Structure formats: structure tokens, C-alpha cells
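*Asks:*
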């Protein structure tokens, strides 16, 4: 327990049944004041009296306290000033009970990692001339303190990039500089503002001997609390250099002292730096050239006196300087962080950095206020800990195995797999293969915490260009085959739920094997070729997929990438693509991204500046669409002949579409017009029951009705359906002899409303009315275009038609509306005004969306009612329609197949 400053603490220990208490102190109390300013008192409370068992301070261990009663009060009090290590005690009712022991701290994974120290240190090529001091002293001979570092910062107040000396430092390792923590009160998190310059003597000159390094990290002691608390204990820091320092005649390393060594009084040391030469804090004058000063060690007991530094000095510090007023010498502003070096007590020719310049008096020169340095020997364990942990983070994955993986194959796992992994973990693996090979990654086991967007525990797979996917939950990531010889995997966890973890295997393969392993992608060197998503033309692309195409053409040529078909899962509510195609101009780190594409908008032609392109396709495990088709070429006039989709026997069947699919040029939309195309689809629940209206369908061909799939029951028989049409006060009904619902329509409860489309074939032709036109050419509906929603009311009492506007897809995809229930195969309708939504409110999920054609030559059926809010008068959301144009190939295929099987075969 550390002693608290200016505090009192009472601990009352009681025991029922009148048992005696025994109190033992197991560690020395380190109270150094003789008048017991900080003390521990023990009082026994007995009936009618209080017995004082003692008042303890200093370092003598109190003897065992035995009480006569069952109650004792322990009081600890400390003042504002001197602290000590503290005390530890225990109580027991059995005097034979052994003192309690604390479980040893668990080892760190970096404990024991060897540090590669320099072979030689503390022996400058040009020995220093040690005669003088810094304040009122002489400059050092150039290059005689080769470990001296000028720490320079680019101030935020300067627009131009200029680095100014702010502190000193000591080079102790090829990658590390030792300095003071208070040097980083500003800019500690802005590494780019710092540089460490070695081989310097005159700061006003650019010297041939100097080497300046950027930095990779600043590590301040975690117990350093200045300026939040005005105390400079633990004023020590390490800076990692962005590069290795090679020793030479003017740049070399200082040695570290023996562990916890305390130099004897008056031991002669030397401080160096470029600090203020005048000692006048109001008019400081920084040194141009490096200065030096000889400073003997002042005894701790002297420096601890009230007229010296009193409670500000700690045992982890060194006081150095002179005690007589006419001998005052000191370090000053600008010397902070620099070294206090002393000859080794075992090898006087070797210099050891015993101190780090920490603080001194305002003005730098003051009687009985010597310079104070952080004692290096008191912090060697911390120094080793920081360096070893950095080595671990640099060369270890963080999960207990190597970070950089070489060879032909291997495995790695989360820590403790298959037991639970750790919270707050951060692990990284870099797999490096030979330059002409690629890497195949496979997850053998995968069980992580599930979270939306993988915001909690997650695996991220990437190459030198970009991410190849982020994964969590229990669905294993897809196999990955890289386009190059590098692959990076990172694993991060939060502080909450943990799970089993994962196991990964990898192997090095030849690029020619990519298509066989991944079933997509590969390396290509031809001037043109085809790019296809998996399962193109036959069905939707495969979920949880990662494909990469690397295309390299002849030197001096450029690559043009053209997509002819494109239909992927649209972006989510945050605008992020879930399934996407990503294209890069080149195959190296930093290559320009030509675009990242999702949804159903065909990308523009993409052109590289060089002769290499990389195309990636990433898909997740839900909501898959038709995919994409495209090609690359070096000559846009030379369009490659793309393979045709697989031939079906009915592909050549001609459909007898009506030559005139309506009889009126669009001017006004009338109820008569809507009645012309809308048929009542009726259902018979039992053979002996009458037919009842189920929903409305649209006549698109003399024998075909198009309608929502949700109007058809699972495995519904054709004979249970009929289709009726009213015309001039009469009703004609037609039997249904075939039902087609989209194969990918989900009847089970789901938010996936895609593929909500069905066809009914009528037993005979409809002759009394014309079909509605279909938009068989891909046409763009401008937002805010007015269309008409037609259908039957819920009670089937009358038909309705409602003017309704086409709304931007992003508007309906907001969290306040339909969020992520939408897909690119849907049309959003309604009004931008929530109040105006009431005017188009229909609590029915049936009917069609009728719009003018782009040429305004006819009315066309653009949508089929998909879903609406459950109560649109209160839940003001838009009505969504299945986009007919997206399913035109499906419609044609079903009609052709039926015709082939029933009339031509």
C-alpha cells in the first residue's frame, strides 16, 4: 500500500465471540521523517477504555500486536510532503497462522525476449575534454559526446515545415533514445512533428556528420502525471526511431548503469546539452553549440532537506551540482531529457547514462537548488519492459505465435484455441510467399462473437491494396486466394463476450491454380478477356465469396474495363456496400482505386494508366443478386466475343406478344384504363366453397397474368384459382392451369422481400381487352415522376387507382422508413411529405404500378405491389413495388418453357 499524502485512514477489525486478535506487519514501513509526520497507530477498544499499542514510523518493523479483546483500530495518517513505500499488515485470531502471500504476477508474453544491445558503448572515439560546466561554461569539443541527441519538433504555430530543438536525449540502442517524459507534454500523439538528430554539434548549421530520424513511437512512463499533478517523479521516456542507427566515429551509444545502482556522494558526472546559457528565464539564450558541465553527486539526505528540494526529491532521482554559492553550476531550459553521464564504477573508461535531466530552479542557478535528474538505474526494468514489448508487438502476432509467416504452408489460431480467446486482444499475421506465388487461406474452425457490422470481435483479411472482408459470428469466412505473395490477417476483440476462436491453415500455391480453388478470378496476360461473377446467368452469385482478377498486358499498353451487366446487393443505410466490385490501377501498395461499385448501376468504362489492373469481388452471406458480366480490352474498338449463356431447348421459342398492348395514347389516366388491365385473382379454399378475391393481377399477354408471389400459397394447385375481369357490367372468369412463383421467393417469415413475383397461365385466351405493356427495354424512371397505383380495395368492393410519385431509393432506405429491407429490384413510391403519404395510403399489398413509357407512346407496367406499412395512416412509410424490368428474363423464360413443353414438345 502506498502512503497517502495528507490523509487519515482508520481500519476497524472486529471479531465476535471474544476471540483475541493478532496483527502482524509483513513489510517495512518506509517513513523517513524522524518526527513521525507519517505514522501508523494501533488502538485496542476494551470495555470502558482504549489501549494504545503504539505509534510507528520510519523503517523499523513493528513487533507482533496481540490484543486482549476482539476489537482493534488501525489508523494511518500522512502529511503533504514526504512519501515512503508504505506498509502491509494482516490480522488473524490464530497466532500460528502464517503470513498471507500474494500470488505472483502472471508473466507477460514478452518476458525473456532478448534485446540486441550494441557490442560497444560508452567509449567515444574522441574522448571529451572535461574541465568546465554548462551555465557560464565552455562548449564541448565536437563529437566527444557521440550519444547526445537533439530532439526537434515542428511547432503547430509554424505553417512551414521547420524543426526546432526542444530537448536533449541519449542514444542507448540502434532503435531507441532515452529522454524525459516532460519533453512530450505537447505533440505526444503527433509523431510526424518530431525528429531525432544525431551527430550534431552546432544547431544553427547543417553538418555533414548529422543524421536525423523520424520516429515510430513515444513511450512515456505510465506513472508520470505532470502537469495534471505538479510532480516530476517517473520523468522518463523512450523514443523509437524509424530506422537503425549504425555507430561511427561521431555517433555512438551510451551504456546503461547496473540495476538500481546509487552513486556515492561527490561522484563526478557530466551533463551535456544545448540549453539556455544565461540562466535568465526572462531573457533565455539557447546555445548554438553543445555545452558540457561537471556535476558531482549530492547526497540524497542533503537534497531532501527542506532548504533544498525537500518533499519534491524522490529516491528514484539524483541531485547533482555544488553546495557552495560561489561554485554554482547547473543545467537549464533546453537541456531537459539530456544525459547525466558518469564513468563506470567498474570500468572508468566507459561512460554510463546515470541520469536524465528533469528539473531545476527557475533561472537555473540558485543556492541550495541543484539540478535534479531521473535516476536511470531505478527504471531499468521499465526500459527493458518497453523494449521487449515493442519487440513482441513487432515480431509476434499478439496471439502467442509469430507475426511474419514464411514457408510453404502453416497454421495459426487465436490465443488458447479451442478455449476462449482473450478480451481486448489485437493480433496480426503477415503471410509472405515467394515473389511468383500466391497464398490460399482456409478457416478450419471459426466461432466469434456475433455483432451487427462486426463491430465487436472480428477478423479482417486484406492484401496490399485493400480489405478482402471483415468477419464475425459462426459462419467461416470464404477461402481466399490472393493475387500476390502477401496476405494480412488481423484479429481484434472488445472487452465483453469471448468465444471459442478460430483456426486457420494456409499454403503457397501457383497462380495457375486460382480458378480451380476459388472458382473465379486468376492471373491473365491476354489483351482481352471476360469477367464473370460466379454462377453467372444460371442463378445468383455465390455468397461469402472473395475473387480477384489480376490482368497484366504488354508494356506501354493500357487496360479498359467494361461492364455489360451489373446487379449486386445495394448499399446499406450508411451508404456502405455489402457486396461490391473494386478496381485498382496497378497491383502495388498505393495503387489508385478506380472505383468501388455495388447496386444495379453499370459502372462507366474504367481505364488504367499502366499495363496492370486488379479487380476484386467480395460478397457476404445474404441477399445475393444476379451478379455482373464484363470484359477487359486494350482496344475499345475491339470488343471481345463473350461466351453465350448456356442454351435451353426453349430459348428459340417465339412469344406472340400483342402488337398493340393498349389502345390509347397516354394523356390522362382514368379508372376505365386501370380496369382494362386489372384482373381479380380469386382463391377457392375448399372445393365446395365459393371463390373469393385474393389480390389483383395484370394481364401482360392474352393468356398470362403477372402478380405478386405473396398472393400465391405454398404449393397452391392451379384448380384452386381463377381469374375474373369486369367489362361493361359483366364479369368473365378464366380457369388457371399453371402457376409459377419465383424460385427464390421466401414464404417463411423474413425481411427478404426480393423475388416477389409470380405468373399464372390461363386456360383460354382473353379477347375482350388488351394487355398492359411491359418495359422490355431497360428504362430509367426519373425520381418524382408521377405514376399510378391500381388494384382492388381490401374488401374487394371496388377498384382503386392512386397517383403516386417515384421516390429516390436512398430516401426509402433510411432507418426511419424501410432501412435494410430494400433491394435494387424494388421501386420506392409515395411522397417526400409525410402528410401527403396519406393521400396515397392503401392498406393492401396488391396491384400494379403503371407509368408512361419513356417515349410517352404507351402505358407500361413498371412494378408489382411488394409491401406496404401495416397501417399507412399512422405508420407513414412508402409503398414498395417489385421492379418488373429486373425480372424480364425470368418472365420470358417461364413463358417460353411453358410454350415449349405444352405445344411444341
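In UniProt numbering, the protein residues as written are 1 to 905.
Glycine is no exception: its CB is placed at the ideal position from the N, C-alpha and C atoms.
Remember, predicted model here, so these are calculated numbers, not experimental data.
Ignore the nearest five residues each way along the sequence and tell me which others in residue 287's own chain have a CB closer than 6 Å to its CB.
*Replies:* Same-chain partners within the cutoff: 274 and 277.
*Asks:* Going by DSSP, what residue range makes up the beta strand (DSSP E) through residue 881?
*Replies:* Its beta strand (DSSP E) spans residues 879-883.
*Asks:* What does DSSP give as the partner residue(s) for residue 738 in the beta ladder?
*Replies:* 761.
*Asks:* Do residue 146 and residue 250 have their CB atoms nearer than 7 Å?
*Replies:* yes
*Asks:* Is the beta carbon of residue 211 less than 7 Å from the beta carbon of residue 198?
*Replies:* In terms of Cβ geometry, residue 211 and residue 198 form a close pair [threshold 7 Å].
*Asks:* I'd like to confirm the pairing. Which residues does DSSP put opposite residue 219 in its beta bridges?
*Replies:* 238
*Asks:* Excluding the 5 residues flanking residue 521 on each side, which residues of the same chain have their C-beta closer than 6 Å to its C-beta?
*Replies:* Same-chain partners within the cutoff: 514, 547, 548 and 549.
*Asks:* Tell me the rounded alpha-carbon separation between residue 620 and residue 470.
*Replies:* Each residue's Cα considered, the two are about 9 Å apart.
*Asks:* Of the choices 863, 894 and 93, whose alpha-carbon is the least far from that of residue 883?
*Replies:* 863
*Asks:* Could you say which of 611, 753, 453 and 554 lies nearest to residue 574 if we only look at CA atoms?
*Replies:* 453
*Asks:* Please tell me whether residue 851 and residue 773 are closer than 7 Å, where the distance is taken between their beta carbons.
*Replies:* no
*Asks:* Buried or exposed for residue 937, going by 16 or more other Cβ atoms inside 10 Å?
*Replies:* Examination of residue 937 is not possible in this model, given that the chain is present from 1 through 905 alone.
*Asks:* Taking residue 307 and residue 368 to be in contact with their CB atoms under 8 Å, please state how far apart those CB atoms are, rounded to whole angstroms.
*Replies:* 5 Å
*Asks:* Relative to the C-alpha of residue 264, which residue among 320, 654 and 256 is closest?
*Replies:* The shortest C-alpha separation from residue 264 is found at 320.
*Asks:* When the cut-off is 7 Å and only beta carbons count, does residue 293 lie next to chain D?
*Replies:* The structure shown has no chain D; it contains just one protein chain.
*Asks:* So if DSSP puts residue 585 in a beta bridge, which residue, or which two residues, is it bridged to?
*Replies:* 592 and 613
*Asks:* Looking only at its chain, what residues have a beta carbon closer than 7 Å to the beta carbon of residue 595, apart from the 5 residues adjacent to it on each side?
*Replies:* 583, 603 and 606
*Asks:* Can you grab the Cα-Cα spacing for the pair residue 3 / residue 259, in whole Å?
*Replies:* With a pLDDT of only 27 at residue 3, under 50, the local geometry of the prediction cannot be trusted, and the value read off the model is given with reservation. Cα to Cα, residue 3 sits roughly 25 Å from residue 259.
*Asks:* Go through its chain and collect everything with a Cβ distance to residue 52's Cβ below 6 Å, but skip five positions before and after it.
*Replies:* Within the same chain, residue 52 has close Cβ partners 43.
*Asks:* What did DSSP end up calling residue 27 once you bin it into helix, strand or coil?
*Replies:* With a pLDDT of 44 at residue 27, under the threshold of 50, the modelled position of this residue cannot be trusted, and the question is left open.
*Asks:* What is the DSSP secondary structure of residue 301, counted as helix, strand or coil?
*Replies:* Of the three classes helix, strand and coil, the one that applies to residue 301 here is helix, per DSSP.
*Asks:* Looking at the secondary structure, which residues open and close the beta strand (DSSP E) in which residue 487 lies?
*Replies:* In this chain, the beta strand (DSSP E) harbouring residue 487 covers 486-492.
*Asks:* When the distance is taken between beta carbons, is residue 122 closer than 7 Å to residue 269?
*Replies:* no
*Asks:* Three or more beta-carbon pairs under 8 Å between the stretch 424-431 and the stretch 479-499, yes or no?
*Replies:* yes
*Asks:* Rounded to whole angstroms, what is the Cα-Cα separation between residue 301 and residue 55?
*Replies:* 24 Å
*Asks:* DSSP puts residue 359 in a beta bridge; with which residues?
*Replies:* 372
*Asks:* Can you name, in chain order, every residue of its own chain whose Cβ lies under 6 Å from the Cβ of residue 691, other than the five neighbours on each side?
*Replies:* 682, 684 and 722
*Asks:* Looking only at its own chain, which residues have a Cβ that is under 6 Å from the Cβ of residue 232, when we skip the five neighbours before and after it?
*Replies:* 226, 358 and 359
*Asks:* Quick test of the definition: if touching needs 3 or more C-beta pairs under 8 Å, does the stretch 287-298 touch the stretch 174-192?
*Replies:* no
*Asks:* With distance defined between alpha-carbon atoms, name the residue in 381, 336 and 188 nearest to residue 261.
*Replies:* 381
*Asks:* Mind reading off the beta-carbon distance from residue 148 to residue 272? Whole number of angstroms is fine, and I expect it under 8 Å.
*Replies:* Approximately 5 Å separates the beta-carbon atoms of residue 148 and residue 272; this is inside 8 Å, confirming the contact.
*Asks:* Nearest CA to the CA of residue 335: which residue from 597, 293 and 556?
*Replies:* 293
*Asks:* Count the CB pairs spanning the stretch 456-463 and the stretch 471-482 that are closer than 8 Å, and state whether there are at least three.
*Replies:* yes
*Asks:* So, with DSSP's three-state summary, where would you put residue 903?
*Replies:* helix
*Asks:* Using C-beta distances below 7 Å, list every residue in its chain close to residue 14, excluding the 5 sequence neighbours before and after it, in chain order.
*Replies:* In this predicted model, residue 14 has a pLDDT of only 48, less than 50, meaning its place in the structure is not dependable; the value taken from the coordinates is given anyway. Answer for residue 14: 70 and 71, listed in chain order.
*Asks:* If contacts are defined as beta-carbon pairs under 8 Å, then residue 215 and residue 174 qualify, I think. What distance do you get, rounded to the angstrom?
*Replies:* Rounded, the Cβ-Cβ distance is 14 Å, inconsistent with contact.
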